[in-house]
Each structure stands twice: as structure tokens, then as C-alpha cells.
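Colleague: Sending over a structure as C-alpha cells; questions will come in a sec.
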Ligand code: NDP
Ligand code: GDR
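In UniProt numbering, the protein residues as written are 1 to 374.
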């Protein structure tokens, strides 16, 4: 029997990698996408199958995590073996601007899916994965963080995710649902949303190197994160649902670096070496030297980064470092892609796009390049 998976957030970074992975495994994959005024399926267009073709295995349904009847209907139609709740308003800084919406989607959204499973009597059939997060640790109580580390969320996003975490545990305990939390630390890729810090840096620096933007405006450069590659992390989401018993797992690389270091390595990939001057809100990054051919628009002395306090968060998560010992032991977790290789992959992808834009610009076909963002 072909297994069926339902993915919320299929159009996002993780959803697209997970859909690819499950299709390769022979699953029939159903994804929920939101109605938008323009196309929003770029990350899954390459796996889209025309429903008129013979035996398609990838299906998109319109829906929203705020809409219980819609979720229940899709669940009833698909009767999935596995449900992956990856949909979320996933930007921490934006959650301070839209706290109520974030609570609705990220907190109650999980409840709506769990209730749909229960209402339809699918408890013994549908396994459930909740995209939990290292942001739950917030103001960290111990380092490194494990499944047993106490939570102290520091944003409306993290508080909403705390509800989703506990309601997942509760439905497991109360109704015997096979429901797991993956407590995933930051994971990135060339498909990362453009306003998360890693992609903001790789895309911004590639654009600056090609003369399409002049300067990156950044927030807290001292923030420490444990970064891995999304392609590796989604495989663990699937593995959690293949276990004999439902449990919660930390997935992390076990390495920690600062945002500033990420910027230095990104610049290095482009042949740019940086010198940092000033501190706090006055800090800037200046080009010290340029080698190779990837940054024709830059010369020593150019200022390519300025700190802009508008990107500081009302409450910051200063440091995160995960200990994935449990996942290593029970899931065989061995990340395939190290941070430096991931940065190289992200820079290569963003440089390719920037070069195309620069080429068009050289021929008088100037396209607007979206800049900045949270
Ligand atoms: P993205 O922001 O890339 O994707 C989020 C997805 O959720 C998109 O498909 C988005 O749709 C969808 N979505 C947003 N709002 C709604 C809504 N109201 N109803 C239905 N769908 C909605 O996130 P990631 O792929 O990076 O992350 C996946 C999940 O994992 C998220 O829940 C995130 O909070 C969590 N997480 C992520 C980590 C990371 O480092 N990436 C770490 C730990 C947890 P659209 O494309 O239309 O915007
Ligand atoms: P995070 O990711 O908040 O950890 O949440 P993000 O990349 O947004 O920030 C990481 C750290 O970088 C600092 N920072 C900046 N961040 C952004 N976005 N823009 C900036 O200009 C900037 N300058 C410094 C931040 O202050 C922060 O400390 C991500 C999301 O994917 C969540 O959904 C997920 O749950 C967690 O990772 C784990």
C-alpha cells in the first residue's frame, strides 16, 4: 500500500525538502498551500505534477491553519498515514509585530490538526509530527540544550510554539496519538526565506558583490546559533514517525557560531575579507581586500555592513547550542552537510541569481531587487 503524507507549510523551506524526500521514498504527498495574490509555489514547482498526468503522487490543497473546517475536510479526504505540521508564521521578529496572528497559526493551528485527527477517529491511523523549535529554550537555563532542558520562551513566536509543543504531548498522553515533537535548531539552505539572518547575509553579500545593493543593515551580530542544513534535518522528521514509540527529539549540529562569523565566512566565499570597526549600534564592516572575480563591484574601504538597531529584538535569544545525543543514538542522526559547505552552497546559489540580475542590468534591463527586511 502506498503511504500518504499530509504536509502543512509545504511551500516553505522544510516543506519543500520533505516533500522531495517523501516522494523519493514512494509516498503519495499532499501539501496545504495558502491562497495568495501571486504564485507562492516556487520551492515546489520542480516537483509539481500535473493532475491530468498518469498516476500523480503530489497534490496541493488550498488551506490555512486558521481554518478548522478546511483542515478537517482535507484530513477526511486524504486520511494520511503521516501528518507533518510545518506551517507557521515562522519569523521571530515578525511575531512581535503580529503576536495574535502568530498565536493563532503557530499555537492553535497544531490543536486544530490534532482535533481533526481525533474527530475523524484517525488516532490509530495518522501519526503526527510537530515542528517544535530551539526557540522554546529562549533564555537558556543550561548549555548545551537537550530534551530535558527547561523552556523559557522569549517571543510571541516561541510562546505560541510552546503551546503547540505541549498540546502535542497532551494528545499523545490523553488519546494515545502517535505524536512527536522535533525540537529543531536553526537549519538553513539556499531555499531559506530571504529575511532570516543567514539568507539575508548570503543574498545581500552576493548582491553587493555584483553591484546590485550597497550595504547590509543588520541587527545583533553577537547572537550565537547552532546552524545545520535543512535537507539533513527533514530526514529526521520522517524518522521520528518511523519509531516504535512516539518521542520528542532535539536535532542540532552541536556547533555554535556568531552571526558576525557567518558574515565573515560568507564574505570569504566571495573573495572578500572584512574588517570590523566600532561596536554595538555603531559597528560597521569595511572591505579590507578583494580577490578573485566574484566581487567586481567592491574595493578596499567600501562599507558593506552597518548595524541598524531597528533589527534588534524586544527580547533576544542570545545563545543556542543543541545536544542531539538522543537522536544520534535512537535515530542514527549524522548530519551530512557542515556549516562551511552549507554557506558555500548558499553563496553559490545567491551569486548565480545576482550575476543574472547584473547581466540584465548591463543590458539596460534593470529589474528591481528587493532589499532589507526583518
Ligand atoms: P518557512 O517560513 O520557510 O515556511 C513556513 C510555511 O508555513 C510556508 O509554507 C508558509 O506558507 C506556511 N504558512 C504560514 N502561515 C500559514 C497559515 N496561516 N496556514 C498555513 N500555512 C501557513 O519555515 P521553515 O520551512 O523554515 O520551517 C518549517 C517549520 O519549522 C515552521 O513551523 C518553523 O516555525 C519550524 N522551525 C523552523 C526552524 C528553522 O530553522 N528553519 C527551526 C525550528 C523550527 P507561504 O509559503 O504561503 O508563506
Ligand atoms: P531565529 O532566526 O530568530 O533564530 O529563528 P533568524 O535567522 O531570524 O535570527 C537568528 C539570529 O540572528 C540575529 N540577527 C538577525 N536576524 C534577522 N532575521 N535579521 C537581521 O538583520 C539580524 N541581525 C542579527 C537575530 O537577532 C537572531 O538572534 C529561526 C526561525 O526559523 C524560527 O522559525 C525557528 O524556530 C528558529 O530559527 C530555530
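Note that the Cβ used here is the ideal one computed from N, Cα and C, for glycine as well.
These figures come from a predicted structure and were not determined experimentally.
Please report how far the alpha carbon of residue 182 lies from the alpha carbon of residue 278, in whole angstroms.
Modeller: Along the chain shown, one-based indexing puts residue 182 at 182. Along the chain shown, one-based indexing puts residue 278 at 278. Whole-angstrom Cα-Cα distance: 39 Å.
Colleague: Do you know offhand how far residue 79's Cα is from residue 236's?
Modeller: Counting from one through the chain shown, the residue named residue 79 turns up at place 79. Counting from one through the chain shown, the residue named residue 236 turns up at place 236. Near 23 Å, if we compare the C-alpha coordinates of residue 236 and residue 79.
Colleague: From residue 135 to residue 158, what distance separates their C-alpha atoms?
Modeller: Within the chain shown, the letter at position 135 stands for residue 135. Within the chain shown, the letter at position 158 stands for residue 158. Whole-angstrom Cα-Cα distance: 6 Å.
Colleague: When burial is assigned at 16 or more other CB atoms within 10 Å of the CB, is residue 291 buried or exposed?
Modeller: In the chain shown, counting from the first residue as 1, residue 291 sits at position 291. Here residue 291 is exposed. Its C-beta has fewer than 16 other C-beta atoms within 10 Å.
Colleague: When you compare each of 191, 29, 3, 102 to residue 42 by their alpha carbons, which one comes out closest?
Modeller: In the chain shown, the residue the question calls residue 42 occupies position 42. Out of 191, 29, 3, 102, 191 has the C-alpha closest to the C-alpha of residue 42.
Colleague: Assuming residue 176 and residue 142 are in contact, meaning their beta carbons sit under 8 Å apart, how far apart are those beta carbons, in whole angstroms?
Modeller: Along the chain shown, one-based indexing puts residue 176 at 176. Along the chain shown, one-based indexing puts residue 142 at 142. Not quite, the Cβ-Cβ distance comes to about 31 Å (not below 8 Å), so this is no contact.
Colleague: Would you say the beta carbon of residue 90 is closer than 8 Å to some non-hydrogen atom of the ligand GDR?
Modeller: Taking the first residue of the chain shown as position 1, residue 90 is located at position 90. It does: the Cβ of residue 90 is within 8 Å (strictly closer) of some heavy atom of the ligand GDR.
Colleague: Per the DSSP calculation, residue 30 is bridged to which residue(s)?
Modeller: As a first step, residue 30 must be located in the chain shown, where it is residue number 30. Looking at the DSSP assignment, residue 30 forms a beta bridge with 6, 59.
Colleague: Compute every distance between the C-beta of residue 258 and the non-hydrogen atoms of the ligand NDP, then say whether any falls below 8 Å.
Modeller: Taking the first residue of the chain shown as position 1, residue 258 is located at position 258. No - the ligand NDP has no heavy atom lying nearer than 8 Å to the Cβ of residue 258.
Colleague: Mind checking residue 10: buried by the 16 CB within 10 Å criterion, or exposed?
Modeller: Stepping through the chain shown from its first residue, residue 10 is reached at position 10. Buried, because 16 or more other Cβ atoms sit within 10 Å of the Cβ of residue 10.
Colleague: Which residue spans inside the stretch 215–281 form an unbroken alpha helix (DSSP H) run of at least 4?
Modeller: 230–240, 259–269
Colleague: Skipping 5 residues on each side, what residues in its chain have a beta carbon closer than 7 Å to that of residue 294?
Modeller: Numbered from 1 along the chain shown, position 294 holds the residue referred to as residue 294. Beyond the five residues adjoining it in sequence on each side, residue 294 comes within less than 7 Å, by CB distance, of 209, 270, 271, 351 in the same chain, given in chain order.
Colleague: Please report the straight-line C-alpha distance between residue 169 and residue 179, rounded to a whole angstrom.
Modeller: Your numbering for residue 169 matches position 169 in the chain shown. Your numbering for residue 179 matches position 179 in the chain shown. Distance from the CA atom of residue 169 to the CA atom of residue 179, rounded to whole angstroms, is 7 Å.
Colleague: Express the C-alpha separation of residue 340 and residue 298 in angstroms, rounding to a whole number.
Modeller: As a first step, residue 298 is located in the chain shown; it is residue number 298 there, counting from the start. As a first step, residue 340 is located in the chain shown; it is residue number 340 there, counting from the start. Each residue's Cα considered, the two are about 23 Å apart.
Colleague: When you compare only the Cα positions, how much space is there between residue 30 and residue 282?
Modeller: Mapped onto the chain shown, residue 30 falls at position 30. Mapped onto the chain shown, residue 282 falls at position 282. Spanning the two alpha carbons is a distance of roughly 48 Å.
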